[in-house]
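Residue numbers (the working numbering): 85 to 244.
Ideal Cβ positions, reconstructed from N, Cα and C, are used throughout, including at glycine.
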Amino acid sequence: MPKSKRSRKTFMRLLVLCSASVLLLFISALYCGSTMAQDLERAELQGQWLGEWRPYETQYQQIPGRIPIRLTIREKSIISGSFGDSNFISEKIERQAKQIMVWAKLDRPIRFGKDHVKDHLIILITSIRQDQLSADAHLKSRFSFDFSMHPGELKASKLK
């Protein structure tokens with residue numbers, strides 16, 4: 085067999101093997117991540133969660149500082165709660181492979197000095213383990229892209 089045919093055959097085998105490996109990794113990632121998307125429906129996750137939001141930006145860790153948050157996860161995938169002095173009800177919930185995104189409009193804005201007023205909240209729930217919830221939460225002026233958004237860390241514990 086000429087060398088070019090042998091190397092072509094070897095190349096095709098490697099291509100099939102790599103494709104199968106990538107497909108297997110993709111399927112396993114979808115399977116592992118799908119548990120997070122279903123977590124919101126589980127009965128032990130429904131109820132009240134109490135915690136706080138801490139801004140990632142150091143200049144805002146004093147004002148407004150840590151903001152208390154209360155979440156209520158209901159049976160029909162409705163999330164409501166309070167964020168500081170503001171209340172909210174989820175407008176949209178999107179389940180993704182490894183997180184749950186919650187869009188909510190605050191009934192009162194959160195102020196970051198004179199110029200920064202935020203009344204939209206996006207919560208990205210990344211982990212729910214036992215009675216602990218971890219998420220990123222972004223305070224924004226609108227749901228679409230916002231250059232002046234304020235990202236932060238949200239940690240909450242389930243109330244008994």
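The shortest CA-to-CA distance from Arg195 to any of Leu223, Trp187, Ile173 and Arg97 is the one to Leu223. Taking all protein chains in view, the Cβ of Gly165 is crowded by 16 or more other Cβ atoms within 10 Å, so the residue is classified as buried. Asp203: member of the beta strand (DSSP E) spanning His200 to Arg213, first to last residue.
Check the Cα spacing between Lys244 and each of Gly168, Gln216, Phe227 and Ser91: the tightest is with Gln216. In the three-state reduction of the DSSP assignment, Met185 falls in the strand class, which pools E and B. Rounded to the nearest angstrom, the gap between the Cα atoms of Lys242 and Thr94 is 56 Å. If the five residues before and after Asp203 are omitted, its C-beta is found closer than 6 Å to the C-beta atoms of Leu190 and Pro193, all from its own chain and listed in chain order. For Trp137, the closest alpha carbon among the candidates Asp220, His200 and Ile163 is that of Asp220.
Around Thr156, the same chain offers Gln132, Ser164 and Gly165 as residues with beta carbons nearer than 6 Å, after the five sequence neighbours per side are excluded. Taken atom to atom, the span from the alpha-carbon of Arg154 to that of Ser174 is near 13 Å.
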